[in-house]
Amino acid sequence: MKKKTVMIRPRFYTESPYARELINDLEDDSYGLVFNEFLHEMGAMLEVDIIYNQQNKTQWIHADNRHMQIVLSKMDNTGDLLEFIPKTIEGEQLISKMAEEIIKINGEYLDII
């Protein structure tokens with residue numbers, strides 16, 4: 005099973021269709037709110053509970069269950085790296101489906117590495 009890595013460009017949190025819709029709906033343009041909502045929506049797509057388990061200054065585990073692990077690495081001004089590490093075939097399928105969905109809508113702001 006192969007992990008998927010998504011690079012989230014900083015502009016995603018302010019300019020993407022996802023961010024613009026959220027900012028307009030909530031009348032709040034805070035970067036943290038957009039990040040948090042995006043993370044929780046991905047968690048719902050992947051059927052995982054989101055956690056905030058800080059590993060070090062730049063890395064957090066955001067999910068760890070029997071199907072997958074999600075690890076966030078903060079990069080200096082280049083964006084965020086989200087690694088989706090499948091542990092089961094079901095996890096791999098959920099990750100692939102989620103990646104297709106988020107890229108379809110926000111591809112200009114996200115890269116699958």
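Add 4 to a position in the sequence shown, counting from 1, and you land on the number used in my numbering.
For every residue, glycine included, the Cβ atom is placed at its ideal position computed from N, Cα and C.
Just so it is clear, the structure is predicted and the values come from calculations on it, not from any experiment.
Am I right that residue i and residue j are in contact with their C-beta atoms under 8 Å? What's the rounded C-beta distance?
i, j, result
"Leu-76", "Met-11", "Wrong, their Cβ atoms sit about 11 Å apart, outside the cutoff."
"Ile-99", "Lys-8", "5 Å"
Could you spell out where the alpha helix (DSSP H) holding residue i opens and where it closes?
i, result
"Asn-81", "Segment: none, Asn-81 is in no alpha helix (DSSP H) and carries neither H nor E."
"Thr-18", "16–19"
"Ile-93", "93–110"
How would you call residue i, buried or exposed, if buried means at least 16 neighbouring beta carbons within 10 angstroms?
i, result
"Pro-21", "exposed"
"Tyr-35", "exposed"
"Tyr-113", "buried"
"Gly-111", "exposed"
Under DSSP, the beta strand (DSSP E) around residue i begins and ends at which residues?
i, result
"His-44", "That residue, His-44, is in no beta strand (DSSP E); its alpha helix (DSSP H) goes 35–50."
"Met-11", "8–12"
"Ile-65", "63–68"
"Asp-115", "114–116"
Rounded to the nearest angstrom, what separates residue i and residue j at their Cα positions?
i, j, result
"Lys-61", "Asn-81", "15 Å"
"Ile-65", "Ile-107", "22 Å"
"Glu-87", "Glu-31", "30 Å"
"Gln-63", "Met-79", "9 Å"
"Leu-26", "Glu-45", "12 Å"
"Thr-92", "Lys-101", "14 Å"
"Phe-39", "Tyr-17", "7 Å"
"Asn-57", "Ile-74", "11 Å"
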